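Scroll down for the structure; my scribbles are underneath it.
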Amino acid sequence: EAMEIADFSGQNEVAEVEEVIEDFGGVPSSRLQKIDAIIVGAGIIGLCFARDLASLGYRTLIIEKESQVGGVWATNDYPGLRLQGPGCSYRCLSLAPHWTKEHSPEEYYRPTRAEVMIYCQELSKHPNITLLLGTECNHERHVVDNDRVTLPVGTVSYQARFLFVSTGFAVGNCGTPVAPIELPSNV
């Protein structure tokens, strides 16, 4: 008499449970990645925010639809393109651009597009920053649950404490942070 051998690996049960979770609108754990912060948009503001958080030890994910960082600095390339105001104020707290070391604030130095693009590249290079370039995402599809926000991106969902949308003024809701926790009224 032939004996049936049961599958005790758990593979089938895990797949079935994940299907049920999806059917009810949830995200299976195999496709859920937990991080500290999600930044949508790799323009100068998104990069500065990500770099400062990463420097404080937060694991940060930047999602950018274009193939490179830099926002409008990457897409605009006309002769003589420079920052309109002084470069001393165009920076994040955790990484000073080279022009602040080479020029005093009194000089009213205005960095060129090439200098700003180099700075954008430098901002994105940090061990706590994961960069997804060429990745579309609809940040309005985020779900807030207790103290976490979940954002689906393709076949993976990312869960974080913070979602910061920095997609530029022309795109809409520019730079509106979503903090899924109650903030004190005096902040």
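Per our numbering, the very first residue in the sequence shown carries number 169; after that it's consecutive.
Idealized CB from N, CA, C, for every residue including glycine.
Computed from a prediction, not measured in an experiment: that's the story for all the values here.
- G214 places its beta carbon less than 8 Å from that of I230.
- Rounded to the nearest angstrom, the gap between the Cα atoms of C216 and V333 is 13 Å.
- Residue pairing by DSSP places D313 opposite R316 in a beta bridge.
- Check the Cα spacing between D313 and each of G302, T303, L301 and Y326: the tightest is with Y326.
- Judged by beta-carbon spacing, G239 lies within the 8 Å limit of G336, meaning their Cβ atoms are closer than that value.
- Secondary structure note for T228: its beta strand (DSSP E) is the uninterrupted segment T228 to I231.
- From the listed residues P295, Y258, R281 and L200, the smallest Cα separation to D245 is found for R281.
- Non-local beta-carbon contacts of E232 in its own chain, meaning distances under 6 Å to residues more than five positions away in sequence, involve A210 and L301 in chain order.
- Straight across, the Cα-Cα distance linking D204 with L261 is about 19 Å.
- By the neighbour-count definition (other C-beta atoms within 10 Å, threshold 16), A218 is a buried residue.
- Residue environment: T228 is assigned as buried (16 or more neighbouring CB atoms within 10 Å of its CB, all protein chains considered).
- Per the DSSP secondary-structure output, L200 pairs in a beta bridge with S325.
- In the structure shown, the three-state DSSP call for A242 is helix.
- With a cutoff of 8 Å on beta-carbon distance, R278 and L251 are scored as near each other.
- With respect to the 8 Å criterion, V237 and S292 are classified as neighbours on the basis of their beta carbons.
- For A282, there is no enclosing beta strand (DSSP E); the enclosing alpha helix (DSSP H) covers residues R281 to S292.
- C-alpha of Y276 to C-alpha of N296: approximately 33 Å in a straight line.
- One thing to note: E290 has its Cβ no nearer than 8 Å to the Cβ of W267.
- P273 has its alpha-carbon roughly 26 Å from the corresponding atom of L221.
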